[in-house]
Ligand code: BMP
């Protein structure tokens, strides 16, 4: 399964309905800060109850010293399988501590190596070699790399090899097409508004899945 649905701007009931109806079709769900701030951290376990077996990721945009990232992660860790942090904060006193903490709980670390918006070219992409070396040292379960710039995904895969999962946002609302990131070497595509903002989110998710399959067929020819 290749689709992770990003839940950002929904209420708990709407999100529960969505996760329940998409449960058999997706790899997992990424829950963002807007959802958690609006609905409270406790809403996460409520939400997970609708589809407990899939991959649940807390996207708290962590970018701080290790001590603070651990405190933040501890407030969601019991309800999720993985936590996302930014790669640019570096290893020592930051991501090393977070990784050790998550390892001790049996949870996964995902680090951002570049972002999907245009401004990421101004700073993030320039630091890519350094951030990839952070990832190579830490060996997180996964990294986030942009669907909007497949060359970054290819570079990430080439540098980090097959042992890491690549998760790619930027499909639909940000311009990339379903399947593009998978063709460049990503394992999962993260899709938010294209699905959560659709009149019929389930139909939209089905459409994303069939477009992914079609694109993968074509790029493998
Ligand atoms: P959407 O498909 O609605 O554009 O949502 C993309 C999701 O991926 C959002 O939750 C956003 O926070 C996240 N994301 C992103 O768009 N680009 C990145 O580089 C990193 C992200 O986590």
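Numbering (the working numbering), first residue to last: 647 to 867.
Even glycine gets a Cβ: it sits at the ideal position worked out from N, Cα and C.
Owing to the predicted nature of the structure, the values given are computational and were not obtained by experimental measurement.
Query: What's the gap between the Cα of residue 787 and the Cα of residue 706?; Result: 17 Å
Query: On the three-state DSSP scale, how would you describe residue 745?; Result: helix
Query: For the ligand BMP, I want to know if residue 842 counts as a neighbour, meaning its beta carbon is within less than 8 Å of at least one of the ligand's heavy atoms.; Result: yes
Query: Just to check my reading of the structure: residue 651 and residue 777 have Cβ atoms closer than 8 Å, yes? What is that Cβ distance to the nearest angstrom?; Result: The Cβ separation is near 26 Å, so there is no contact.
Query: Residue 708 lies in the beta strand (DSSP E); which residues open and close that run?; Result: 701-708
Query: Smallest Cα separation from residue 754: which of 775, 734, 719?; Result: 719
Query: Leaving out five residues before and five after residue 800 in sequence, what residues of the same chain have Cβ atoms less than 7 Å from its Cβ?; Result: 830, 831
Query: Does residue 670 pass the burial test, meaning 16 or more other C-beta atoms within 10 Å, or should it be called exposed?; Result: exposed
Query: With DSSP run on the structure shown, which of helix, strand or coil describes residue 866?; Result: helix
Query: What are the boundary residues of the beta strand (DSSP E) that residue 815 is part of?; Result: 811-815
Query: In the region 778-864, which residue ranges form an unbroken beta strand (DSSP E) of at least 3 residues, counting only runs that do not cross its ends?; Result: 788-790, 811-815, 834-837
Query: Which residues share a DSSP beta bridge with residue 653?; Result: 677
Query: Have a look at the DSSP bridge pairing and note the partners of residue 729.; Result: 704, 755
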